[in-house]
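Numbering (the numbering used here), first residue to last: 3 to 203. Ideal Cβ placement from N, Cα and C applies to all residues, glycine included.
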Amino acid sequence: MKLAFLASGRGSNLKALLSACRSGQVKAEPALVISDRPQAGALQVAADADVPHLLINSHDFQSRSEHERAIARELDKHGIDLVILAGYQRLLSPFLVGFLYEPRLGQSRILNIHPADTRRYQGLNGYAWALKEGLNETAVTVHFVDEGMDTGKIVAQAPLPMYADDTLESLQERGLALEHQLFPQATQKVIEELEQLCAAF
Ligand code: GRF
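Spelled out as C-alpha cells, the structure:
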C-alpha cells in the first residue's frame with residue numbers, strides 16, 4: 003500500500019503518520035508528500051524523514067483544475083493507493099475526488115482529519131469554533147473526503163473534553179495530541195478495508 007500526503011502547513015499530523023509507518027502501526031509505504039505552499043513546514047518534515055516530496059504551488063497554475071491535474075499525474079506516476087490530507091487547506095474539486103473514487107469501497111481513497119465533529123461544524127478553525135460555542139466537549143474526526151467541505155463518511159472520531167480555563171492554545175495542544183493518535187489508527191483501519199477488498203477480487 004502506497005500513501006501520498008497532501009499538506010499545506012506545519013505538518014505535525016504528517017510527522018505522526020510517518021512515525022506510525024516507521025513503527026509498523028500503519029502498514030504502508032509513505033511514498034510521496036505534496037505541498038501546495040512553498041513555506042509549508044510539511045516539506046521539511048518529509049525531507050527529514052527521507053520521504054520524496056514535491057511542491058506543486060497552486061500559484062503556478064491558472065486554475066484549480068490545472069493544479070489538481072498536476073497533482074493527479076504525480077499520484078498516478080507514484081502508484082498511490084491512498085491519499086491523506088494532513089492539514090491540506092484547499093477544498094478538492096469533483097475531479098480529484100472522482101480520480102480517487104474506489105467503487106468497491108463506495109468512497110474516495112482520500113482521508114482527512116478535522117478538528118471538530120464534522121456533523122456539527124465544517125470548515126477552518128474548529129478549535130476556535132468550539133471555544134466560541136462554549137462547549138464542554140468537542141471532538142476530532144477522520145473522514146473520507148467527498149465533494150463537500152468536511153461532509154464525507156466518518157471513519158473514526160475521538161471526544162476532546164474542554165475545561166473552563168481552556169484557551170485556544172491549550173485546547174489546540176490537547177486536540178493535536180489526540181489527532182496524532184487518531185489519524186494513524188483510522189488510516190490503518192482503512193488500509194485493512196482496502197486490503198480486504200483487493201483480496202476479495
Ligand atoms: C490540524 O488541526 C487538522 O485537524 C486540520 O489542520 C491542522 C493541521 O495541522 N485539518 P498540522 O499541519 O498537521 O500540524
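Local Cβ density within 10 Å of residue i, reported as buried at 16 or more and exposed below that
| i | result |
| --- | --- |
| T143 | buried |
| Y165 | exposed |
| S65 | exposed |
| H61 | exposed |
| S211 | Outside the shown range of the chain, which is 3 to 203, sits residue 211, and nothing can be said about it. |
| R121 | exposed |
| D78 | exposed |
Beta carbon proximity, residue i to chain B, threshold 8 Å
| i | result |
| --- | --- |
| D62 | No chain B appears in the structure shown, which is made up of a single protein chain. |
Residue i Cβ short of 7 Å to ligand 1 heavy atom set
| i | result |
| --- | --- |
| G89 | yes |
| P161 | no |
| N15 | yes |
Residue i vs residue j beta-carbon contact at 8 Å
| i | j | result |
| --- | --- | --- |
| A33 | H80 | yes |
| E76 | L56 | yes |
| A6 | I82 | yes |
| L19 | T189 | yes |
| T140 | L162 | yes |
| M151 | Q124 | yes |
| S14 | L170 | no |
May I ask you to verify whether the stretch 130 to 149 touches the stretch 108 to 116, counting CB pairs closer than 8 Å and requiring at least 3?
The stretch 130 to 149, when compared against the stretch 108 to 116, does touch it at the 8 Å Cβ threshold.
Taking 8 Å as the threshold, find out whether the stretch 40 to 54 comes into contact with the stretch 16 to 26 through three or more Cβ pairs.
Enough Cβ pairs lie closer than 8 Å, so yes.
Just to confirm the assignment: which complete alpha helix (DSSP H) runs, minimum length 4, are found wholly within the stretch 35 to 60?
Complete alpha helix (DSSP H) runs here, min 4: 43 to 50.
Which whole runs of the alpha helix (DSSP H) in the stretch 94 to 178 are 4 residues long or more, in chain order?
Runs of the alpha helix (DSSP H) inside the stretch 94 to 178: 96 to 101 and 128 to 135.
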